[in-house]
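Mapping the sequence shown onto our numbering, position 58 (from 1) lands on 58, and the numbers just tick up by one. Built from N, CA and C at the ideal position, the CB exists for glycine as well.
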Amino acid sequence: MHCELIVDARNGTGESPVWHPEEQALYWVDIPARQLHRWQDGAHQVWQGEEMIACIARTRQGWVAGMESGIFQLQAKPDGTLDSRLVCGVEHAEPGMRFNDGRCDRQGRFWAGSMLKDMQQGAHVGALYRVDGEGALHQQLKEMIVPNGLAFSPDGTRMYLSDSHPNVQKIWVFDYDIDSGTPYNQRLFVDMRAFPGRPDGAAIDQDGCYWICGNDAGQVHRFTPDGRLDRSLNVPVKKPAMCAFGGAQLDTLFVTSIRPAGVDLSDQPMAGGVFAFELGVKGLEEPAWRG
């Protein structure tokens, strides 16, 4: 399977790729650089924020984002900066935390998980939150280390979630009440310790299969709805971070990645880049936040 480098972005932590269907553009963030990125018709543009931006979802006129101190609405300005408006603040369990992975459910509710910036501490202080249409923040799950891999089945009745910390490396599936936005009946979907890479960001295709980046292993895996591995893709970097479907037919899988600091990158010079696979598999349009 051919893997194309579309942007040599050199992101510290490239995350949360989202295809914008009206613009026919790919957006993503670089968390430590506090940046929003866009790739459109081969052109790459960057906007600078004031806090770390960890996850994004479309709104009617911009973006909703999980950042450090809360959930914000963002507008990309012509001067290369981001106009940010606080939707709701968050009372983190400890200092030094930020939001991490997040996205909207099929009904347009925004979800985001929190974590310690220093994940090496391995502290179970992370939580998963839901933001309703009025902008209220509701904690749904807690005592996680690095909540990640959030995704929803095509019909919205299943929610997937992982913890990517080396001490956990598990993916769970929940039944999901689409009326109230409540996950329940948590059970193990995949124990990633049996497969290459830690579970990172994820996407769902039209068949309901779950694509998950295998961080540290340079792979992206697809699991069927019953938890069976049926396909793996090789990425020319060690730390693919998150994947997303896009393109005019939603049949391109885009993959963001991490460029580790202070290590020899001679064997992965494209680390931190954004890659594309033409799969012959179609994904789903990401819902916009109905806030």
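- Proximity to tyrosine 210 across Leu74, Ser69, Ala112 and Met159 peaks at Met159, based on C-alpha coordinates.
- Counting other Cβ atoms within 10 Å of its Cβ, proline 183 reaches 16 or more and is therefore classed as buried.
- Its chain contains Val125 as the residues whose beta carbon lies nearer than 6 angstroms to that of alanine 93, once the 5 sequence neighbours on both sides are disregarded; these appear in chain order.
- Only residues of its own chain outside the window of five on either side were considered, and among them none has a CB closer than 7 angstroms to the CB of glutamate 134.
- Judged by DSSP in its simplified three-state form, glutamine 61 adopts coil rather than helix or strand.
- Valine 255 is positioned such that its CB atom lies no closer than 7 angstroms to that of phenylalanine 223.
- A distance below 6 angstroms between beta-carbons, with the five flanking residues on each side excluded, links serine 84 to the following residues of its chain, in chain order: Phe72 and Leu74.
- About 7 angstroms separates the beta carbons of glycine 96 and aspartate 118, which is inside the 8 angstroms limit, making them a contact pair.
- Fewer than three Cβ pairs drawn from the region 174 to 182 and the region 198 to 215 lie within less than 8 angstroms of each other, which leaves the two stretches out of contact.
- DSSP, reduced to helix, strand and coil, places arginine 109 outside both helices and strands of the structure shown, so it counts as coil.
- With 16 or more other Cβ atoms inside 10 Å of its own Cβ, glutamine 268 counts as buried.
- Taking a C-beta distance under 7 angstroms as the contact criterion, valine 190 and isoleucine 204 do not qualify as a contact pair.
- The distance from the Cβ of cysteine 104 to that of alanine 57 is about 5 angstroms, consistent with a contact at the 8 angstroms cut-off.
- Per DSSP, the continuous beta strand (DSSP E) segment holding proline 147 begins and ends at 147 to 152.
- Taking C-beta atoms under 8 angstroms as the contact rule, serine 164 and asparagine 234 fail to qualify, at a distance of about 20 angstroms.
- Note that the C-beta distance between glutamine 48 and threonine 81 is below 7 angstroms.
- The C-beta distance from alanine 288 to arginine 60 rounds to 7 angstroms, short enough to meet the 8 angstroms contact threshold.
- Comparing C-alpha distances from proline 21 to each of Glu91, Ile31, Trp39 and Leu161 shows the shortest one belongs to Trp39.
- With fewer than 16 other Cβ atoms from the protein chains shown falling within 10 Å of its own Cβ, asparagine 185 counts as exposed.
- Taking the Cα of asparagine 11 as reference, the smallest distance to any Cα among Pro240, Ser162, Asp251 and Ala194 is reached at Pro240.
- Taking all protein chains shown into account, asparagine 100 has 16 or more neighbouring C-beta atoms within 10 Å of its C-beta and is therefore buried.
- Restricting attention to Arg290, Glu286 and Leu279, the CA atom closest to the CA of methionine 1 is found in Leu279.
- Secondary structure note for methionine 242: its beta strand (DSSP E) is the uninterrupted segment 240 to 246.
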